[in-house]
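Some notes on the structure that comes next.
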Amino acid sequence: MVEKILVVDDQMGVRRLLYEAFKEEGYEVEMAASGLEAIETVKKSIPSIILMDMKMPGMNGLEALKEIKKLDQEIAVIMMTAYGELEIVAQAMKLGVKEYITKPFDLNELKQLVKRILAVI
Ligand SMILES: [Mg+2]
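Going by numbering that gives the first Met the number 0, the sequence shown opens with residue 0, and the numbers climb by one from there.
Next up, the structure:
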């Protein structure tokens, strides 16, 4: 079975970069440009893992995460934060999100992280 990754980011450049990178790795990749879109996507079909931007206009990543956790408590999530967003990271960890990367991130590092998480779920 092909693992499905959901990329959530308000910046098109980031979505495109991650789409290309993970397609190349053989994953199925879905994209959402907002928290609301992410929730709708998860409602339709639960991805194996979510790469979630924290800073987005409207519903931010943390708020989207709370709703998504109601749909699937065990869903794997990697937060994408900016440098210094420690308060957001702390709050997301309370919601059970253990992994995060700081933007600008190293693509290979992110690929390894995704692989490592998918190997244990
Ligand atoms: Mg953003």
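Virtual Cβ for every residue (Gly too), placed ideally from N, Cα, C. If you're wondering where the values come from, they're calculated on a predicted model, not measured in any experiment.
Proximity of residue i and residue j at Cβ, strictly below 8 Å
i: MET53; j: MET11; result: no
i: LEU5; j: ALA37; result: yes
i: LEU70; j: LYS42; result: yes
Cβ-Cβ separation, residue j to residue i (assumed contact under 8 Å), whole Å
i: GLU62; j: GLY34; result: 6 Å
i: GLU27; j: THR40; result: GLU27 to THR40, Cβ: 12 Å. No contact.
i: ILE120; j: VAL76; result: Wrong, their Cβ atoms sit about 11 Å apart, outside the cutoff.
i: LYS102; j: ALA81; result: 5 Å
Minimum C-alpha distance to residue i - residue among the options
i: PRO56; options: GLU24, LEU109, LYS110, VAL7; result: VAL7
i: ARG115; options: GLU98, PHE104, ILE67; result: GLU98
i: MET51; options: VAL119, ALA118, ILE120, VAL113; result: VAL113
i: VAL13; options: PHE104, GLN111, ALA37; result: PHE104
i: GLU19; options: LEU85, ALA118, ASN107; result: ASN107
i: ILE87; options: GLY60, LEU17, MET0; result: GLY60
i: ASP9; options: LEU17, GLU66, GLY83; result: LEU17
Buried or exposed by the 16-neighbour rule on C-beta atoms within 10 Å, applied to residue i
i: MET92; result: exposed
i: GLU73; result: exposed
i: LEU85; result: exposed
C-alpha gap between residue i and residue j, whole angstroms
i: PRO46; j: ALA89; result: 24 Å
i: MET58; j: LYS68; result: 15 Å
i: SER44; j: VAL1; result: 14 Å
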